[in-house]
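Contents: one structure, followed by commentary.
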Amino acid sequence: MRYALAALFGALFLLSCATPTREQSLVGKAADAMGGAKALGDIKTISTSGTSKWWEPEQSEVPGGEPRFSAEGKIDSISDVASRTTRYDYQKNFAYPTPRTFTYSEIVTPQAGYVIGIDTNGRNAESLKANPPAHSMSGYRLAATQRERARTAIAGMISAMLANPDAVKPAADITVQGRNLPAVSYQSFIVGFDPQTGLPERVRNLDYDNIWGDVNYDSVLSDWRDVGGVKIPMKRSIQLNGRVVQETQLTDARINPPIDQARLQIPAAVLANAAKPASDNVPYQWVIRRQYIGTYMDSDNVSYDSKGSPGLRLQQLSPGVFHLTGGTHNSLVVEMSDHLVVVDAPVTDAQSMWLLNATKSQFPGKPIRWVVLTHHHMDHAGGVRGLLGDGATLVVGQGSYKHFNDVLRAPTTRNPDMKVMDLSRTPIMEVPQSHLMTDSRGRQVVAYAMDNPHAKGMLMVWVPDAKLGYVTDIWTPGPPLPAKPNPGLASVVNAVKKAGIQPERFAGGHGSVDEYQKLEKLMGQ
Ligand SMILES: [Zn+2]
């Protein structure tokens with residue numbers, strides 16, 4: 269009996285050696301195509317230089333339109349395999365939202381992340397305090413940067429799969445334009461292989477996007493070249509649900525170059541207070557794509573600087589008129605006799621949940637009946653689902669209906685901020701000229717369509733009894749006005765004239781509140 273069992277186990281052992289699983293053979297074939305397991309395992313350091321371009325689909329000019337070209341630039345990187353540390357040196361020339369250049373570096377290790385220089389218009393308190401500017405990464409940014417590092421370091425990923433076969437799991441084929449890529453799942457990634465060459469072709473994450481809900485975030489690898497005995501993809505195209513959002517072309521790649529370890533060190537004082545990588549509900553798309561347009565606020569709260577702001581609050585501007593402030597993006601809440609009007613649904617459903625809870629306790633029995641969006645951009649509309657639960661009507665600019673109709677039908681099973689709701693029957697109203705919202709006591713809120721240089725279908729909101737206007741992204745009330753008028757500011761004054769209203773103050777989707785007279789005076793110069 270004992271011999272029989274031993275023989276059986278022996279046979280099973282042989283069988284398992286002789287017949288690798290489908291996943292193991294896909295990984296093995298990929299390793300062979302890339303130069304072999306030994307060549308991959310011998311990589312100690314890698315350096316690359318390349319150029320990149322970035323686009324942001326949800327900052328488009330037209331709702332649902334072409335992604336906005338946001339930046340082009342250079343990225344150099346050096347990686348040390350043993351310490352799993354990479355340094356990136358960026359020069360990003362932005363075209364959007366304003367032309368500017370950010371030159372900065374990132375060092376990312378398994379324990380911490382460090383940013384040297386200015387990389388955003390939305391600097392946090394730590395960056396503003398440091399001289400020269402630098403800051404440790406938030407746990408969110410660190411986790412996102414580590415994930416993107418792993419996605420990009422494809423030789424390292426295939427090597428790690430070979431070393432940890434049990435972590436390589438079955439996955440359904442990735443189907444792209446009629447082609448089926450056999451795939452495996454590894455950590456958070458699904459890797460699809462070119463059926464002809466065996467090379468890894470597509471590295472996918474199943475992400476959540478505040479506008480489009482459940483999305484595929486893919487890097488597509490091509491232009492493979494031999495670099496010191498290892499095949500390296502010189503081209504990487506990053507796609508969000510199939511739309512290109514970043515393209516990188518390497519101009520140089522080296523295997524095992526000497527690297528200066530000092531350039532990979534995070535200062536001890538920074539390290540002592542640096543955040544650990546976040547593990548739960550990392551808002552990858554927010555963290556990654558706000559960097560695409562150079563506006564990312566590096567924080568472990570996506571709404572505000574968790575180290576520099578006390579958080580969100582509702583500030584009364586006038587009886588029954590409240591400004592949601594304290595974060596990077598604001599809303600306006602107007603209390604009507606038996607319901608509420610909310611203008612803008614920024615950032616995420618988490619921010620909307622905060623606002624919803626605040627309104628439930630401050631205005632009990634008054635549901636949100638109208639949700640007005642000034643425009644469709646992801647940072648001012650990304651919390652729209654969270655405000656529609658009371659059966660509100662969504663009020664949007666002309667040409668926005670189809671976009672939001674599609675958005676509210678998109679699958680949202682991965683939404684970390686709220687449970688799945690069927691919002692497909694939400695009434696959506698386009699405003700070609702103006703839309704009046706009123707109550708039984710005669711309070712009025714009016715949305716006006718306005719010409720402007722920022723986005724098609726932009727709305728300005730007016731609360732007549734408070735003599736208060738509200739605009740987003742074309743004027744930021746609060747900070748000093750520029751010395752000279754610009755097209756955005758001019759568009760506000762033109763819209764006020766066209767509407768025939770006499771505002772005393774404006775509140776903003778950014779900033780705070782300011783006197784309208786200042787703007788009129790500037791335009792009169
Ligand atoms: Zn905008």
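One gets the numbering used here by counting positions in the sequence shown from 1 and adding 268 to each.
Where is the CB? At the ideal position from N, CA and C, for every residue including glycine.
Values in this document were obtained by computation on a predicted structure and should not be read as measured data.
If you check the C-beta of Asp-719 against ligand 1, you find no heavy atom less than 7 Å away.
Along the length of the segment 650 to 674, whole alpha helix (DSSP H) runs at least 4 residues long occupy 652 to 655, reported in chain order.
Excluding sequence positions up to five before and after Glu-326, its CB lies within less than 6 Å of the CB of Ile-479, Met-646, all in the same chain and listed in chain order. No heavy atom of ligand 1 is found nearer than 7 Å to the CB of His-703. Residue environment: Arg-290 is assigned as exposed (fewer than 16 neighbouring CB atoms within 10 Å of its CB, all protein chains considered). Distances taken from the Cβ of Asp-612 to the heavy atoms of ligand 1 include none shorter than 7 Å.
Contact annotation: Val-498 and Leu-294 have beta-carbon atoms that are not nearer than 8 Å. Residue state for Trp-554 is assigned as helix, using DSSP reduced to three classes. Nearest to Glu-788 by C-alpha distance, out of Asp-612, Pro-771, Pro-747, is Pro-771. Comparing alpha-carbon positions, the option among Asn-473, Arg-531, Asp-494 lying closest to Asp-520 turns out to be Asp-494.
Going by DSSP, Gln-533 is part of no alpha helix (DSSP H) at all; its letter is neither H nor E. Within its own chain, the residues whose Cβ lies closer than 6 Å to the Cβ of Arg-637, once the five positions on either side in sequence are excluded, are His-607, Ala-660, listed in chain order. In the structure shown, Glu-416 adopts helical secondary structure according to DSSP, grouped into three states.
Under the DSSP definition of a beta bridge, Pro-501 partners with Trp-492. Per DSSP, the beta bridge partners of Ala-439 are Ala-451. Under a 10 Å Cβ-count criterion, Asn-625 is classified as exposed, with fewer than 16 other Cβ atoms of the shown protein chains found around its own Cβ.
By alpha-carbon distance to Gly-303, the top candidate from Glu-416, Pro-501, Gly-385, Arg-409 is Pro-501. Residue side-chain check: His-597 keeps its Cβ at 7 Å or more from all non-hydrogen atoms of ligand 1. Distance check between Thr-369 and each of Gln-379, Ala-758, Gly-710, Gly-385 places Gly-385 closest, using alpha-carbon atoms only. Gly-792 sits in a helix when the DSSP states are folded into three classes. Collapsing the DSSP output to three states places Gln-630 in a helix. Distance from Phe-457 to Val-436 at the Cβ level is roughly 10 Å; contact not present, criterion being Cβ atoms closer than 8 Å. When DSSP states are grouped into helix, strand and coil, Trp-622 belongs to the helix group. Distance from the CA atom of Lys-670 to the CA atom of Ile-527, rounded to whole angstroms, is 52 Å. Two segments are said to touch when three or more pairs of C-beta atoms, one from each, lie closer than 8 Å; by this definition the segment 578 to 595 touches the segment 772 to 786. Excluding sequence positions up to five before and after Ser-505, its CB lies within less than 6 Å of the CB of Val-488, Val-512, Glu-515, all in the same chain and listed in chain order. Here the segment 570 to 586 makes contact with the segment 386 to 396; the two share three or more CB pairs at distances below 8 Å. Its chain contains Asn-478, Val-570, Gly-650, Gly-651, Asp-685 as the residues whose beta carbon lies nearer than 6 Å to that of Thr-616, once the 5 sequence neighbours on both sides are disregarded; these appear in chain order. DSSP, reduced to helix, strand and coil, places Tyr-560 within a helical segment of the structure shown.
When only Cα atoms are considered, Val-349 and Pro-365 end up about 37 Å apart. Sorting Pro-700, Lys-297, Val-729 by C-alpha distance to the C-alpha of Gly-460 places Lys-297 at the top. The alpha carbon of Ile-311 has as its nearest neighbour, out of Ala-428, Glu-374, Ser-320, the alpha carbon of Ala-428. In terms of side-chain proximity, the C-beta atom of Asp-573 is found no nearer than 7 Å to any non-hydrogen atom of ligand 1. In the three-state reduction of the DSSP assignment, Asp-617 falls in the helix class, which pools H, G and I.
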